[in-house]
DNA sequence: CAGACGTGGGA
DNA sequence: TTCCCAAGTCT
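Residue numbers (our numbering): 1 to 389.
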């Protein structure tokens, strides 16, 4: 039987919304994710309507979840909460320790902003007569004033931690709503429209459950490819389903081409067998992480010459470029790189941080106490294997 | 507004 | 293999 309800979630008054809310929440009760640790009390019980959850755990989770799937976040969240169980612990931590725990999760500005936000919240507390003053914002403006918190993450935190009625608009919600109304334009081009839609649908009586249900629907049923429309509580109301091709929505813009570059990397060893690493500048790509030095190959340049030149320009050292250790390719969101890594022998010059925050000679077994990006972790593995042989 | 900003998983 | 993309924010 074809869908009977036209795509009028926005236009029609409360009747259609009530049906959408109740059908979604009924579905969620039996098919949603109810085992998410930051959405439960410390004793494991589910929070009742209006009951607050630990805002710190929710905040950490929602930042980790930006552009990152739940399954990837879970182990990081557990490690993070073990290392920094509360706001004050995080605020007092060093950026080095913060990046160590975040290492491998990507988008490292999130970690720096979370750290900075914690320090701001702690500093914002008045000096101490009441040591247990609640530092947590209760308004969207309050959360969005923190670094790394936009409207969607702010709404997620307020609805999740405090069960307050604030809408969300992540990728899941954009996709679900775009299909529900068969929207003909890419959501990112008309965000205000989608925000209004999300706000209109939000159940003001159960905002925490509704928002979570919407995300669970997008993550598990209304998936990007091959949505499971047969399992969807909104199938009778879905304009994309009625149109016969839900996979056509949301409409997407053509992505820009990603540039490709070859990077020459030197694993420089001195006479004592120590290896040279540098800490990247605090902002930008992989900001604050450590790495093996190197740089872009220029047109017509041999890779050994690239490595010699980059180490001269960025560290003011002279090296002999030896055998290849490993070559690996790595795709970032906006570029693809091939790292050609050679073992090098240090010849002369005290290393200077000309293009980095700091340079340091370390024993190979000490590398595990520095935060490295994923591509460099593979270089470390190759180095350890080589040294063991 | 368009581009920067990571990584791992799935088809 | 290659491509897509996932619980976005900042500039």
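Glycine included, C-beta positions come from ideal geometry on N, C-alpha and C. Everything numeric in this text was worked out from a predicted model, so none of it was measured.
**Study point:** Which of helix, strand or coil DSSP assigns to residue 335
**Key:** Looking at residue 335 - three-state DSSP - the assignment turns out to be coil, as it is neither helix nor strand.
Exercise for review: Compute the Euclidean distance between the alpha carbons of residue 89 and residue 280, then round it to the nearest angstrom.
Suggested key: Using only the alpha carbons, I get a separation of about 25 Å.
**Study point:** Beta-carbon proximity of residue 362 to residue 345, cut-off 8 Å
**Key:** Between residue 362 and residue 345, the gap from beta carbon to beta carbon reaches 8 Å or more.
Exercise for review: Classify residue 348 as buried or exposed, calling it buried when 16 or more other Cβ atoms lie within 10 Å of its own Cβ.
Suggested key: By the 10 Å Cβ count, residue 348 comes out exposed.
Check your understanding: So residue 122 is in the beta strand (DSSP E); what residue range does that whole segment cover?
Key -> Per DSSP, residue 122 belongs to no beta strand (DSSP E); it is in the alpha helix (DSSP H), 109 to 124.
Exercise for review: Pick out whichever of 68, 120, 138 and 341 has its Cα sitting closest to the Cα of residue 104.
Suggested key: For residue 104, the nearest C-alpha among the options comes from 68.
Review point. Based on the DSSP output, what are the partners of residue 260 in its beta bridges?
Key: Answer by DSSP bridge pairing, in chain order: 336.
Practice item. Assuming residue 263 and residue 339 form a contact by the criterion Cβ under 8 Å, report the distance between their Cβ atoms to the nearest whole angstrom. Key: Residue 263 to residue 339, Cβ: 5 Å. Contact.
Point to revise | Any alpha helix (DSSP H) of 4 or more consecutive residues that is wholly inside the stretch 57 to 104 | key: List check, alpha helix (DSSP H) in window: 70 to 83, 87 to 92 and 95 to 102.
Review point. Who are the near neighbours of residue 260 in its chain, counting only those whose CB is closer than 6 Å to its CB and skipping five residues on each side?
Key: If we look at residue 260 and ignore the five residues flanking it on each side, its Cβ neighbours are 336.
Check your understanding: Three or more beta-carbon pairs under 8 Å between the stretch 197 to 212 and the stretch 160 to 172, yes or no?
Key -> Touching, yes.
Practice item. Starting from the C-beta of residue 46, find all residues in its chain whose C-beta is less than 7 Å away, skip the five residues before and the five after it, and write them out in chain order. Key: Only 34 and 40 meet the Cβ criterion.
Point to revise | Minimum C-alpha distance to residue 150 - residue among 110, 133 and 70 | key: Each of 110, 133 and 70 was checked against the Cα of residue 150, and the nearest Cα belongs to 110.
Check your understanding: Three or more beta-carbon pairs under 8 Å between the stretch 153 to 161 and the stretch 205 to 222, yes or no?
Key -> Three or more beta-carbon pairs separated by less than 8 Å link the stretch 153 to 161 to the stretch 205 to 222, which places the two stretches in contact.
Exercise for review: Please report how far the alpha carbon of residue 98 lies from the alpha carbon of residue 242, in whole angstroms.
Suggested key: Here the alpha carbons of residue 242 and residue 98 stand approximately 48 Å from one another.
Point to revise | Where the beta strand (DSSP E) through residue 278 begins and ends | key: It spans 275 to 279 - the beta strand (DSSP E) in which residue 278 sits, taken as one unbroken run.
Check your understanding: If you draw a straight line from the C-alpha of residue 247 to the C-alpha of residue 32, how long is it?
Key -> So the two alpha carbons sit approximately 22 Å from each other.
Exercise for review: Starting from the Cα of residue 332, find the closest Cα among 286, 358 and 305 and give me that residue.
Suggested key: Ranking 286, 358 and 305 by Cα distance to residue 332 puts 286 first.
Practice item. Take residue 25 as the anchor and find which of 57, 228 and 234 has the nearest alpha-carbon. Key: Residue nearest to residue 25 within the set 57, 228 and 234 is 234 (criterion: CA-CA distance).
Practice item. Alpha carbon to alpha carbon, how far is residue 265 from residue 323? Give it in angstroms, no decimals. Key: When rounded, the distance between both Cα atoms is 12 Å.
Practice item. Classify residue 307 as helix, strand or coil using the three-state DSSP reduction. Key: In this structure, DSSP gives residue 307 a helical state, which the three-state scheme calls helix.
Review point. Three-state secondary structure (DSSP) at residue 296?
Key: Strand.
Review point. Going along the chain, which residues of its own chain have a beta-carbon closer than 7 Å to the beta-carbon of residue 100, five neighbours each way excluded?
Key: In its chain, beyond the 5 residues on either side, 371 have a beta carbon closer than 7 Å to the beta carbon of residue 100.
Practice item. Report the residue from 387, 54, 217 and 115 whose alpha carbon sits nearest the alpha carbon of residue 267. Key: Residue 387 is the option with its Cα nearest to residue 267.
Check your understanding: Grouping DSSP H, G and I as helix and E and B as strand, with all else coil, what is residue 361?
Key -> Three-state DSSP puts residue 361 in a strand.
**Study point:** Contact under 8 Å by Cβ, residue 140 with residue 60
**Key:** Contact flag unset, no.
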